[in-house]
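Colleague: Residue numbers for the sequence shown follow this note's numbering, beginning at 3 and rising by one.
Cβ coordinates follow ideal geometry from the N, Cα and C atoms, glycine included.
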Amino acid sequence: MFEELRASDEVVAAWHDVARRVGEALDRAGIPHHPEDSYPRPAGAVIGVDPMNDEMGGVIVDWSPGAALVGAVMESTRTGDRDVSAEQLYIAVTTAMRDAMLDILRASGFEVAAIDDSQRPPAVHVLRGP
């Protein structure tokens, strides 16, 4: 069933090419980045390809804050002892960096849209490459 929902191999290959060009644009801007399957996840832009043939399929870029902030938010979530200041900072950082990447990628010739979805951190959906 999953295969029925997956975009064609040709489309996914094209998305991977766009993801590579996103990385090049971020390099030119001095923005550190890495693929979504990098673990542990270093701070910086996270570039991934969602292979699904739906409105969210394609290239997705989000921001991974520094390990200390991520750790504070994860610990807060794990223990149920909310660290509101860490959560607010996490949201502020990921939103600010998403917005900066939107501007940088637009200026680099990409067509992009903001993702504000409660299921994931703020992100960039790359709709088309230059």
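If you draw a straight line from the alpha carbon of M22 to that of V75, how long is it in whole angstroms?
Modeller: The question names Met, but residue 22 is Arg in the sequence shown. Taking the straight line joining both Cα atoms gives about 30 Å.
Colleague: Between which two residues does the beta strand (DSSP E) carrying D52 extend?
Modeller: Note, D52: beta strand (DSSP E), G46 to D52.
Colleague: Look up I33 in the DSSP assignment and say whether it is helix, strand or coil.
Modeller: Correct three-state label for I33: coil.
Colleague: Starting from G140, trace the alpha helix (DSSP H) both ways and give me its first and last residue.
Modeller: Residue 140 lies beyond the residue range present for the chain, which begins at 3 and ends at 132; the question has no answer from this structure.
Colleague: Using DSSP's beta-bridge definition, name the partner residues of G60.
Modeller: The partner list for G60 (beta bridge, DSSP) reads D52.
Colleague: Please say whether H127 and I49 have beta carbons closer to each other than 7 Å?
Modeller: Not a contact, by the Cβ cut-off of 7 Å.
Colleague: Do P124 and R108 have their C-beta atoms within less than 7 Å of each other?
Modeller: No, these two residues do not count as a Cβ contact at 7 Å.
Colleague: Which same chain residues end up closer than 7 Å to N55 when comparing Cβ atoms and leaving out the 5 residues on each side of it in sequence?
Modeller: Answer for N55: L7, R8 and A9, listed in chain order.
Colleague: What number of angstroms, rounded off, separates the C-alpha of D52 from the C-alpha of R84?
Modeller: Their backbone Cα atoms lie some 31 Å apart in a straight line.
Colleague: On a CA-only basis, which of M103, F112 and E26 is nearest W65? Give me that one, please.
Modeller: For the residues M103, F112 and E26, the minimum Cα distance to W65 belongs to M103.
Colleague: Since A88 is in the alpha helix (DSSP H), which residue starts that stretch and which ends it?
Modeller: That run of the alpha helix (DSSP H) goes V86 to A109.
Colleague: What is the residue span of the beta strand (DSSP E) that A115 lies within?
Modeller: First-last of the beta strand (DSSP E) with A115: E113 to I117.
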